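Below is one structure, written out as structure tokens; the observations come after it.
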Amino acid sequence: MEREKPFEPVRPTLPGDRVLRRRRKPRRRLHVVPNIPEFLRFLRTIITETPLVPLLGVLVVLWLLFSTGLYFVERNVNEPLDSFGDNLWWSLTAMQTQGFNAPGPITTWGRVIASIWSILGTLLFFGAIVSSATVYFLLRKPRPLGEVAASVQYNLGRLDELSAEELETLKDVADRLIQDHIDKLKRSP
């Protein structure tokens, strides 16, 4: 008894059909020159719409204050941290957790200042970077009109399931869509 096959194999109508169905993978091009306008737009967005610049400003002010305090506490006691430049370098490496700050402070107050700065500077430094990246990638981008209209159409299909608040939001969105369309029609000749 021959078993019945549930599906028949579909054969191409023309012999070349198999060749036409295969698609070439697009090759990625190596861009030797960076996209400068896109990079400038990215920088402008980071500067204007994220907290990076204010956080970096606070970070620089605190860096200078803590370095100055460390300089006054350690200047005649600790030879490796005897100059203001060495204190700036030590504070910078402590903030970035690089580990180049081996000849650290030796006085009690110097260690207190250094401990506070190490924790605060690290939190501010990495916090500024992480918060700016988070804000940049989570910025609400305007949805295309087609997506909004599709969402309204979907919700109109399930009116019985929506709450009063959702219905009010749907009404507001639909009113705005209709008003925008009326305005567009009035502007066109």
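For the numbering used here, count along the sequence shown from 1 and bump the result up by 8.
Backbone N, C-alpha and C define an ideal beta-carbon position, used for all residues, glycine too.
All values reported here derive from a predicted model rather than from experimental measurement.
Residue nearest to residue i in terms of C-alpha spacing, selected from the options
i	options	result
G77	A141, S99, T58 and T56	S99
L147	G129, P45 and P59	P59
T116	L131, G135, F80 and G93	F80
L178	V156, W97 and P45	V156
S75	P42, T105 and S126	S126
A110	I121, L132 and W97	W97
P88	I114, F47 and V66	I114
V66	D183, F133 and R49	F133
CA-to-CA distance, residue j to residue i, given in whole angstroms
i	j	result
G118	V69	19 Å
N86	L73	19 Å
G112	V138	28 Å
T53	L64	16 Å
D90	G129	21 Å
Q187	K194	11 Å
L51	N84	44 Å
Q161	S196	26 Å
N95	T101	10 Å
V181	P62	36 Å
L175	H189	21 Å
Q104	I55	22 Å
K192	S159	21 Å
N43	E57	21 Å
W71	E82	16 Å
Q106	L48	30 Å
Coil, strand or helix - residue i by DSSP
i	result
L73	helix
Q161	helix
F112	Position check: residue 112 holds Gly in this sequence, whereas Phe was assumed. If DSSP states are grouped into helix, strand and coil, G112 belongs with coil.
V61	helix
V85	coil
Residue span of the alpha helix (DSSP H) that contains residue i, given as start and end
i	result
A136	T116 to L146
L94	Checking the sequence shown, residue 94 turns out to be Asp, not Leu. F92 to M103 is the extent of the alpha helix (DSSP H) around D94.
Q187	A172 to R195
E46	I44 to E57
Practice problem: Pair every Cβ in the segment 158 to 172 with every Cβ in the segment 124 to 144, then say whether three or more of these pairs are closer than 8 Å. | Solution: no
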